[in-house]
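Worksheet for the structure shown next.
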Amino acid sequence: MDILPEILNRRSIRKYKSTSVTDEQISDLILAASLAPSGSNKQPWDFIVVKSKEMKEKICELDHNQKWMLQAPVFIVCVGKSTYRKDDSMERTIRDSAIAITHILLQAQHMGLATCWTGWYEQDEMRNILGLTDKDYVTGIIIVGYADENPNARPRRKATYTEI
Ligand SMILES: Cc1cc2nc3c(=O)[nH]c(=O)nc-3n(C[C@H](O)[C@H](O)[C@H](O)COP(=O)(O)O)c2cc1C
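Our numbering puts the first residue of the sequence shown at 217, with every later residue one more than the last.
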């Protein structure tokens, strides 16, 4: 199988060590995100790096109170910015910012960091506590740290394709 090890080995991690993540590591993750492709190269994304216990607790509570996330040292909030597009299209904003998140997940895997994309929140509530507007979309809250578990790969259905 000739698949990148980062793609093969990445898992959503829900148990973290208390080991911290450096600012340099965080900048590498954001740089990887910024290199993602986007329609017409609009790059309609911004990031919020959350380290404070207080803010992590607020986010966690709105993110279905998934307490396990509080073990991780950093959350990276990916905000899709529809105002960065001339067409103001929210669908394209969400599409493109999701690609940027995938770059973060794979770069983190490459760096020996663990992640979990979370998105179990009401958009308006999450926008509110982050001081965002309805032109913004919280595409995902990425939990980042060092894994304290080694889960098996989750099953995948075989992707089929048709040839035309
Ligand atoms: C948009 C999105 C939202 C997700 N939200 C959550 C979440 O709120 N909590 C959680 O534990 N996992 C969440 N996940 C992780 C998925 O459950 C996980 O990717 C899936 O089960 C496959 O497992 P794997 O990532 O280990 O391959 C989310 C993933 C995506 C892409």
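Backbone N, C-alpha and C define an ideal beta-carbon position, used for all residues, glycine too.
Excluding five sequence positions before and after Arg311, the CB atoms of its chain that fall closer than 8 Å to its own CB belong to Gly255, given in chain order.
The residue among Asn257, Leu224 and Pro289 with its C-alpha nearest the C-alpha of Arg301 is Asn257. For Gly328, the closest of Met217, Glu273 and Asn225 by C-alpha to C-alpha distance is Asn225. For Ile315, there is no enclosing beta strand (DSSP E); the enclosing alpha helix (DSSP H) covers residues Met306 to His326. Relative to the Cα of Leu220, the nearest Cα in the group His326, Lys233 and Cys276 belongs to His326. With 16 or more neighbouring CB atoms inside 10 Å of its own CB, Asp279 falls in the buried class. When the beta-carbon positions are compared, Thr334 and Ile357 come within less than 8 Å of each other.
In this structure, the CA atom of Leu348 is about 20 Å from the CA atom of Ile359.
Scanning Met285, Trp284 and Gly296 for the CA closest to the CA of Ile264 turns up Gly296. Linking Gly361 to Lys272 through their CA atoms gives a straight-line distance of about 14 Å. Residue pairing from DSSP places Ala363 in a beta bridge opposite Tyr232.
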